[in-house]
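Worksheet: one structure, shown below.
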Amino acid sequence: MSKVITMPSATAASSKVPKIPKASAAAVRVEHPGTEAMRMFLRNPAAIAGMVMLVLMLAVAIAGPWLYPADPFEIRTAPLTPPFSEDAWLGSDYLGRDVLTALIYGGRATLLVGAVAALLSVVIGITLGAFAGYYGGKVDAALMKLTEFFQVLPALLFAMVVVTLFSPTLVTVTLAIGIVSWTGTARLTRAEFMKYRGLEFVRAERAIGARDARIIWKVILPNALPPLVVSATLAIGAAILFEAGLSFLGLGDPNQMSWGLMIGSSRQYVLSCWWAVAFPGAAIFITVLAVSLIGDGLNDALNPKLRER
Amino acid sequence: ADEPMRGGTLVIGSTQTPRHLNGAVQSGIATAMPSTQIFASPLRFDDKWNPQPYLAESWKLADDGKSLTLKLRKDAVFHDGKPVTSADVAFSVMAIKANHPFTTMLGPIEKVETPDAQTAIIRMSVPHPAIVLAMSPALCPILPKHIYGDGQDLKNHPRNTTDVVGSGPFRVTEFKPAQRIVLERFDKFFLAGKPYLDKVIVNVTPDMASLMLGLERGDIQMLPFATLPTDLRRMATDPKVSLTPKGYDGIGALNWLAFNTAKKPLSDVQVRKAIATAIDKNFIAKALMGGFATVSDGPLVAASPFAVNDLVRYPLDLKKAGEMLDAAGYKAGANGERFKLTIDYLPGADDQQKNVAEYIRGQLKKVGITVEVRASADFPAWAKRLASHDFDMSMDLVFNWGDPIIGVHRTYLSTNIKPIVWTNTQSYANPKVDELLNTAGGLIDATQRKAYYATFQKIVTDDLPIEFINQVPYHTIASKKLGNVPATIWGPLSPMDEVYFK
Amino acid sequence: MASGNDNNNDALLRVQDLHVEFKTRRGQALVLNGVDFEIRAGETLCVVGESGCGKSMTALALLRLIPSPPGRIRNGCVLFQGEDLVQASDARMREVRGNRISMIFQEPMTSLNPVFTVGDQIGESLQLHAGMNAREARQRAIEMLRQVGIPAPERRVDEYPHQLSGGMRQRVMIAMALACRPDILIADEPTTALDVTVQAQIFDLLRDLQREKGTAIMLITHDMGAVAEMADRVMVMYAGRVIEQGTTEQVLSEPGHPYTRGLIDCLPELGSSAAREGDVREDLAEIAGVVPSIWELGTGCAFRERCPRAMERCAAEVPPMFAVTGEVAAGTPHGAACWLHAETLKTLEEREREAA
Amino acid sequence: MTFIGKTDTLLSVEDLKVHFPRGKSGWGRQPEVVKAVDGVSFAVRRGSTLAVVGESGSGKTTTALAVMRLAPVTSGRMQLGDTDLGALKGEALRQARTRMQIIFQDPFSSLNPRERAGAAVRAPLDLMRVGTPEERTRRVAELFEAVGLRPEQQHLFPHQFSGGQRQRINIARALATNPELVVCDEPVSALDIAIRAQILNLLARLQRELGLTYLFISHDMAVVEHICDDIAVMYLGQIVERAPRRSFFARPLHPYSVALMSAVPTVSGGRRRAANRIKLSGDPPSPIDPPKGCRFAGRCPVAEPACAAELPPLREVAPDHWVRCRRVDIVDGLPRTPLSIPESP
Amino acid sequence: MGTLRYAASRLLQAIGLVLAVVVLNFVLVHAAPGDPVETIAGASGGMSPELMAQLRTQYGLDQSLPVQLGVYLGKVARGDLGYSYFFNLPVTAMIAERVPATLLLVLSSVLLAFFAGTALGVLSSRKPNGWLSQFITVLSLVGFAAPVFWLGIMLVILLASVFPILPVAGMRSIDSTGGGGLKDMLDVAHHLVLPTLTLSLVYLAQYSRLARSSMLDVLGSDFIRTARAKGLADRVVLYKHALRNALLPVVTVLGLQFGNVLAGAILVETVFNWPGLGRLAFESVLRRDYPTILGVLLFSSVVVVVMNQLTDLCYRFIDPRIKAS
Ligand SMILES: Nc1ncnc2c1ncn2[C@@H]1O[C@H](COP(=O)(O)OP(=O)(O)OP(=O)(O)O)[C@@H](O)[C@H]1O
Ligand SMILES: Nc1ncnc2c1ncn2[C@@H]1O[C@H](COP(=O)(O)OP(=O)(O)OP(=O)(O)O)[C@@H](O)[C@H]1O
Ligand SMILES: [Mg+2]
Ligand SMILES: [Mg+2]
Ligand code: NI
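Chains as they are written, first to last, in my numbering: chain G, 1242 to 1550; chain H, 443 to 944; chain V, 208 to 563; chain P, 165 to 509; chain X, 3 to 327.
If you want it as structure tokens, here you go:
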């Protein structure tokens, strides 16, 4: 803080104030775009359904172990008990482990990996995309080369290699997924930032002396957020699917029950116990469906073009 | 019964991927199954451990046990038409000694003499009772010297994969790694009229479920080495197929829990015994393996001629196990935990390894031992842990390979504590055991040998470097249309020249 | 074919009581609220008004191009040579579009399809309406490009829109619109996106083409200067209604509606500095406030809130079009929709002098 | 010619060049350069308005942004008061921004849609830490009043305002730190005629009352004539004519200026004026590869071969009236344009 | 200047990209804990340390990483991807053998997804609220949410046990001799149905949705209004003027996603036992068959890069604006 600028007096300026226009749009109370979007969202039955499904899934994953303390790896009944039998509602797998228990506990790992990996990928994507889009030029060129590089790299294969080489734990799996799946977000962010960078209100921020950090995080990002939120929602779905795929191939964390692991390990026995594969698959399906319904709803709610209709 | 008939294509399903087809430089069932069809060996065995003539019409183990004379038949030719001679045998035996991973198998051999084209005399520095069994198809394929004797490294010889030439009943017409091997009848096979089949296709797939499907649909007619209880149970009720546990005596596959005896607290034999007492092998065999597996209590499979029944056993008794741990000085802490251990398992055979490891985790928790199951993403990861002795306990799956000298000694000799898997990675050292094994290894007389091995078995089950769990429930599933499904001690690892379609 | 520049009074196109509504989330929005006007053969009708007053909607309604679902023509008719286009079949409508009545748009940058050459796009209408084959259409396209003053048309005909400057694109649009010699050309702010020098070129071009072909032009603009320069007659719109119409001379020099008056007065005029004494700068006249949104119209005259001369009656009733020159009927030479005239019809001339 | 050191000069710009590298350079290829501004010099007197006019793409906005240090300056000197603007960096530059502000053309995109009007006007004060928070609040209220907005409107979001009102917010924001120089980049071109007058009057009043200095960019000659004290005409990155208002509007000298003036349609001129207009042909050449000589030569109705050969200098043909054209002669001490509007008054 | 130079520069960039992929993977694979020789030793049932040392020398594993990398890159430049540690076969040959199967699967899926997806999207854009649109919404949700491998397994169960009409594993019948005659082709086609359907569903959903929204976007643009104002029929406006513009984003995504499709192929090949590259990749990863892993990674990146270039070409073909820059 260098020199103190004295408050200029505006009294001189207000000597001849023109008639303040009355019939202004301000008279019509239009809500904040956020509120409006929220209302749109809440009026979308599909999105609400998605929300309900996701909340249910989360509730089960979080509260399940309290309500239902058990070891998902524990052998509880005879192997291959079919579903809807008394001691195993959803049946038991080839070892006699309870599918329902595994489903409850497996959801935690799956959702956790999905959420954290998506978060990671979104954070990487937004950061790189923001810098590339905002600074442009050489920074952009370098970052885009990097993005292109990760796009060319076959993601699943690369993640498989990483996970195998550095032992499959929740952490490596999460990292691997995060590292290979940020490119889409980065490109999207970059495009948004490039769009906003040229807009006059961003220039105006610079003109009033805002620093880059403020412009990037406080000015452009909130504006660019709607599509990014949508893409982040979808990223969660994608990460869950990715984790499931890795686990299915036997590259998930074997000490951590997850839906993908259930499918992967029961796959050999699928002809004898379809339920051990069908239920976790359905759980993944419902979760991802929920997430994408929410994403869809957000998309509709946040897209001003659609809002007009 | 039925007269065997010529013709037909046999499709064998396999989950094992052979690297190449030369069993002389590669152990393991993946290679051995095709290799035994392609390459003939001096001898073969029936289902009672009796040697039978194959390339050799007759054989004689000298009384001092230091030489084996083989008389070869005259009419045997390789797939390229060249005759099989004693030079090929000499070349092959020395090649196997040099390259095969089972170093104890032909270790004592000094040289092979070939006084004439049909006679080969294998000379050994010490008496070597395993030498006859070592002449089996899976262990001693006779390679054509004119092809493999070109000085190239045998392990990476190009002819191991392309244009493989042997003198066995079938010759290779197609080898697609990790996909399929197509073998066709060798018309000039030395056993007249054999083989009966026109063609054998080994269909390789890592996915058991699809093999099962193929079997049910009739696309596949034979599925050896099946272990999955779910599959076995399904197949047992399928009227179109038969299920047999026969044919796996020679391999002698054991599923066990190895302890790292060099590490506390497992260095304490009381702790090991307590753990053994907490494990219900019957549950494993009955429930986990669907009753298809048999419990194993000692280092030798029950079918082995040297196996005995006088062993130290540890029946399930959780209370006693707890007391034993208390006595060993491992009292339960506040949370009921005594100590922590890890358990590894060989990846890729979940029904035998991972599932049991997980069961053990559950059992040991009940006696206050917290076990972490450490997964290895792949074989090397596991092998590295074992080789570097970086483990507490590990599930392992080890074969007897017929004679104890080949498959058993390696696990218990204190001289074989090496940074390699499937050696004495338990770091088990008992001079008495070393002595017993070394002596038994030099005895020709089977009864004498058996006595030594009996003592060995008792000591080992008492020292408990390894908690033996079960015999691997290998089964051959075959279409009922198939006759002479291999049932010798080497089962599917022997020539299928007699298999036919009814 | 229009008969040329003779000042006959037959309307080529007559619009009566046109109502266009849009369905929005807030309800029905009446964006055109009873529009009446006519276009005569060979004349130029200029439509002026503030942004959002419905100029473009009027133009689009003539061709039934109002984006629908949200919008639709609620009632009214568009009589083209006696035929009501509102009721016409889709096929008939397609015959009219681009052939009898054609249209050019404000944004030359986005109004051409970026993936086809300009030749293709001009030729397309010719093939469609004049039944030409591809080669003939191309020849004709080159000719059209030459006519609209594009240099080297043989080369330009194969270029894509992005290879042309804004002015050239607008010329291509004009060539396209005029290719089938339509009776009416609707030009929706054709020069707003262009520089004045280029605008002058386009206006010259339109005038020349009109002189040659006798095409009637409906020119939408909000530049009063352009009106003065181009129009034969002017129509002023405000909030979905026509509030004044008449000949250019009448409307610009003796505007009958306070809004029109305001529009003219608030323009800074070129040449003002010559008249100005020293450095004293006089404020421009202002029209206070802003256009009310469609939702706030209520009853009465839409301009009343901003009108310096609003009366009680203005809030109560919508004013009809008064004949400023005396006659009251559609197609009068000069009319204004303001209650002022109801009171003072007889003393109109005095009032005009006062205002001036 | 130098402006630096003249006492009443607030902003002086000398030989400003802004070149943008364009597109990706291929291997071993010289990157293309857009010479958006290519040697522009001018000065703005304290308290006066310099208008810059010119065709679209002639570099008006770029000049404005360069002065604001919002565009990369390739070369040239810019001085605000006695501060060397071009040399400022980092924090010093940021602080200097209190002294100059900009109003943009598009009232719809120049306000952050997620920031309330009050916050937008307050932001410069917060960023520059002007006064105490209470003082800032008071100041924002004063500014709202000064530009003709109601104080309670501070809490609204930009989309709740009309175009004219938004432009008022922009003006309020620009005035927040009490700048000496306000750059107005076509502040009224996006507004309806009726609103345009309101904003122009507001700007004029603020200048009168606060002694502001405007760099006013426009392409509407009538607006310019109304608001400016001096005028500079740009063509393809260069100033082709620069003069005091009266001198220019009485007698534009450069053929482009003359053509520009003649092209403006006026209400009073009507068809008569249109009929007499000077017709320019063609489009301005590309700023990537501008012609060597006079940049207007290709379209100039009175160009001679020599015009295209060499770039004419900007010369002073009458007091403070500078023009860049070989063909402007001085007859009897008065400059004479080679081209005039063929109109008899 | 122009196309040739542009193409050359693109090619160089592409090569650089692939090179970077190779280097990263090489370093990663070799920096990871675990030793390929141990794998080989393990697979052969144990091996003496001397033999292992000998193998290390033979494979050049005893040299420093940069040297190994240099040697590898040198070989790659000559089109030699080394020998598989596991099969001891040339990696190039192994990949070449697997490529047709994977390409068949991937291309048939992508083409199906692209054509069917675009067609669905375009058709539904005519009635943005019609039943076709609703169907696409549902389809895209299912396509996005169902794990492809699970879908595959469910199909296998359904078609293997319940309606045994389609083969569920492999590319040919087991007793087929290949050969390529009509019978063989039909056999392969028969086997192709399920994997293709499974793999294409995700992308079909995506493309139809994308095509629909892009079509709606384009239909709202000014030049469509121009086309209508010309009096063109709806059909012409839709298929001639709108479609070509609307295809751009679809084609972009097609190119960008080719890598993902390859990844999906790994899962689908595993489920359906399709003898393609994906399975080879998966199996080599499990066996730490480094040369093969590297080979497959390299090959896939090359395919992706090539696809991107092709997309680029398509783009230039569809959109004349691209040529300018
Ligand atoms: N799709 C739409 N949905 C709802 N209202 C619309 C739609 N399109 C236009 N309008 C409304 O119709 C009215 C008239 O619009 P129109 O485009 O005709 O105005 P204009 O006079 O051409 O304005 P401008 O000078 O800005 O072009 C406006 O109030 C606008 O808000
Ligand atoms: N960031 C940039 N990168 C490359 N070229 C640019 C950039 N900004 C402006 N230009 C180019 O510089 C030239 C001058 O642009 P500028 O915006 O200054 O013109 P202008 O006179 O303000 O035009 P208008 O009247 O249309 O606002 C144009 O050709 C433009 O394309
Ligand atoms: Mg309009
Ligand atoms: Mg500009
Ligand atoms: Ni000149």
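We put the CB at the ideal spot given by N, CA and C, even for glycine.
Apply the 10 Å Cβ neighbour rule to L14 (chain X) and answer buried if 16 or more other Cβ atoms are within range, or exposed otherwise.
For the purposes of this step, residue 14 (chain X) is taken as residue 12 along the fifth sequence, with counting starting at 1. Result: exposed.
Would you please state the rounded distance, in angstroms, between the beta carbons of D786 (chain H) and F821 (chain H)? I believe it to be under 8 Å.
In the second sequence, the residue the question calls residue 786 (chain H) occupies position 344. In the second sequence, the residue the question calls residue 821 (chain H) occupies position 379. Their Cβ separation, rounded to whole angstroms, is 12 Å, which puts D786 (chain H) and F821 (chain H) out of contact at 8 Å.
Boundaries (first-last residue) of the beta strand (DSSP E) holding P493 (chain H)
By one-based count along the second sequence, residue 493 (chain H) stands at place 51. P493 (chain H) -> beta strand (DSSP E) spans 493 to 495.
Can you check whether the CB of T867 (chain H) is closer than 8 Å to the CB of L906 (chain H)?
Locating residue 906 (chain H) in the second sequence gives position 464, counting from the first residue. Locating residue 867 (chain H) in the second sequence gives position 425, counting from the first residue. In this structure, T867 (chain H) does not lie closer than 8 Å to L906 (chain H) by Cβ.
Give a yes or no on whether 8 Å exceeds the smallest Cβ distance from Y801 (chain H) to chain G.
Taking the second sequence and counting its residues from 1, the one referred to as residue 801 (chain H) is at position 359. Yes, Y801 (chain H) counts as interfacial toward chain G.
Buried versus exposed call for V25 (chain X) [16 or more other C-beta atoms within 10 Å across all chains shown]
Along the fifth sequence, read from residue 1 onward, the residue named residue 25 (chain X) stands at position 23. By the neighbour-count rule (16 or more Cβ atoms within 10 Å), V25 (chain X) is not buried but exposed.
Rounded to whole angstroms, what's the CA-CA distance from Y1335 (chain G) to L203 (chain X)? Just pull it up for me.
By one-based count along the first sequence, residue 1335 (chain G) stands at place 94. By one-based count along the fifth sequence, residue 203 (chain X) stands at place 201. Each residue's Cα considered, the two are about 30 Å apart.
Counting pairs of beta carbons, one from the stretch 1430 to 1446 of chain G and one from the stretch 1321 to 1332 of chain G, are three or more of them closer than 8 Å?
no
Are the beta-carbon atoms belonging to G305 (chain V) and V227 (chain V) less than 8 Å from one another?
The residue given as residue 305 (chain V) occupies position 98 in the third sequence. The residue given as residue 227 (chain V) occupies position 20 in the third sequence. No, they are not a contact pair.
Is any heavy atom of ligand 4 found at a distance shorter than 7 Å from the C-beta of D349 (chain P)?
Here the question's residue 349 (chain P) lines up with position 185 in the fourth sequence. Yes, since a heavy atom of ligand 4 falls inside the 7 Å radius drawn around the Cβ of D349 (chain P).
Members of the stretch 1388 to 1399 of chain G that neighbour chain X once the beta carbon cut-off is set at 8 Å
For the stretch 1388 to 1399 of chain G, the beta-carbon criterion of a distance under 8 Å to any beta-carbon of chain X is satisfied by E1389, F1390, Q1392, V1393, L1394, P1395, A1396, L1397, L1398, F1399.
I'd like to check one pair, T430 (chain P) with A435 (chain V): are the Cβ atoms closer than 8 Å?
By 1-based counting over the third sequence, the position of residue 435 (chain V) is 228. By 1-based counting over the fourth sequence, the position of residue 430 (chain P) is 266. Yes; because the gap between Cβ atoms is below 8 Å, this pair is in contact.
Hey, does A1485 (chain G) have any beta-carbon neighbour from chain X nearer than 8 Å?
Within the first sequence, numbered from 1, the residue matching residue 1485 (chain G) stands at position 244. For A1485 (chain G), the answer is yes, since a Cβ of chain X falls inside 8 Å of its Cβ.
DSSP beta-bridge partners of G455 (chain H):
For the purposes of this step, residue 455 (chain H) is taken as the residue at position 13 of the second sequence. Its beta-bridge partners are H:N645.
Using a 10 Å radius around the Cβ and a threshold of 16 neighbouring Cβ atoms, would you call S950 (chain H) buried or exposed?
This structure cannot settle anything about residue 950 (chain H), because the visible part of chain H is limited to 443 through 944.
Closest to P465 (chain P) by C-alpha separation, out of P:H418, P:P451, P:L400, P:C348, would be which residue?
Indexing the fourth sequence from 1 puts residue 465 (chain P) at position 301. Comparing Cα positions, the closest option is P:H418.
Check: S263 (chain V) C-beta below 7 Å from any heavy atom of ligand 1
To locate residue 263 (chain V), count along the third sequence from 1; it is residue 56. At a cut-off of 7 Å, the beta-carbon of S263 (chain V) counts as near ligand 1: some heavy atom of the ligand is closer than that.
Could you pull out every residue in the same chain whose Cβ sits closer than 6 Å to the Cβ of F167 (chain P), ignoring the five residues on either side in sequence?
As a working mapping, residue 167 (chain P) is identified with position 3 in the fourth sequence. For F167 (chain P), the predicted model reports a pLDDT of 46, less than 50, meaning its position is unreliable; a value from the coordinates is still stated below. Excluding sequence neighbours, F167 (chain P) sits near T173, S176, A207.
Taking 7 Å as the line, does the beta carbon of G278 (chain V) fall inside it for any heavy atom of ligand 1?
Along the third sequence, one-based indexing puts residue 278 (chain V) at 71. At least one heavy atom of ligand 1 is nearer than 7 Å to the Cβ of G278 (chain V), so yes.
Which residues, taken in chain order from the stretch 1333 to 1357 of chain G, show a beta carbon closer than 9 Å to some beta carbon of chain H?
Y1335, L1336, G1337, R1338
Can you confirm whether the stretch 1305 to 1320 of chain G touches the stretch 1458 to 1467 of chain G when touching is taken to mean that 3 or more C-beta pairs between the two stretches lie within less than 8 Å?
no
I need the straight-line Cα distance from Y399 (chain P) to K199 (chain P), nearest angstrom please.
Your numbering for residue 399 (chain P) matches position 235 in the fourth sequence. Your numbering for residue 199 (chain P) matches position 35 in the fourth sequence. When rounded, the distance between both Cα atoms is 12 Å.
Whole angstroms are fine: how far does the CA of A298 (chain V) sit from the CA of R221 (chain V)?
Against the third sequence, residue 221 (chain V) aligns to sequence position 14. Against the third sequence, residue 298 (chain V) aligns to sequence position 91. Rounded to whole angstroms, R221 (chain V) to A298 (chain V) spans 21 Å at the Cα level.
Which ranges would you report for the alpha helix (DSSP H) in the stretch 188 to 268 of chain P if only whole runs of at least 4 residues count?
224 to 231, 254 to 260
Bridge partners of Y942 (chain H), per DSSP?
Within the second sequence, residue 942 (chain H) is the residue found at index 500, counting from 1. Per DSSP, H:G925.
Buried or exposed: which applies to N492 (chain H), given that a residue is buried once 16 or more other Cβ atoms fall within 10 Å of its Cβ?
Here residue 492 (chain H) refers to the residue found at position 50 of the second sequence. With fewer than 16 neighbouring CB atoms inside 10 Å of its own CB, N492 (chain H) falls in the exposed class.
Hey, does V177 (chain P) have any beta-carbon neighbour from chain G nearer than 8 Å?
For the purposes of this step, residue 177 (chain P) is taken as the residue at position 13 of the fourth sequence. So, not an interface residue.
Could you tell me whether the stretch 259 to 266 of chain P touches the stretch 328 to 343 of chain P, using the rule of 3 or more Cβ pairs below 8 Å?
yes
Hey, quick one: how far does the beta strand (DSSP E) through R299 (chain V) stretch, first residue to last?
Locating residue 299 (chain V) in the third sequence gives position 92, counting from the first residue. Where R299 (chain V) is concerned, there is no enclosing beta strand (DSSP E), although the alpha helix (DSSP H) it sits in stretches over 297 to 303.
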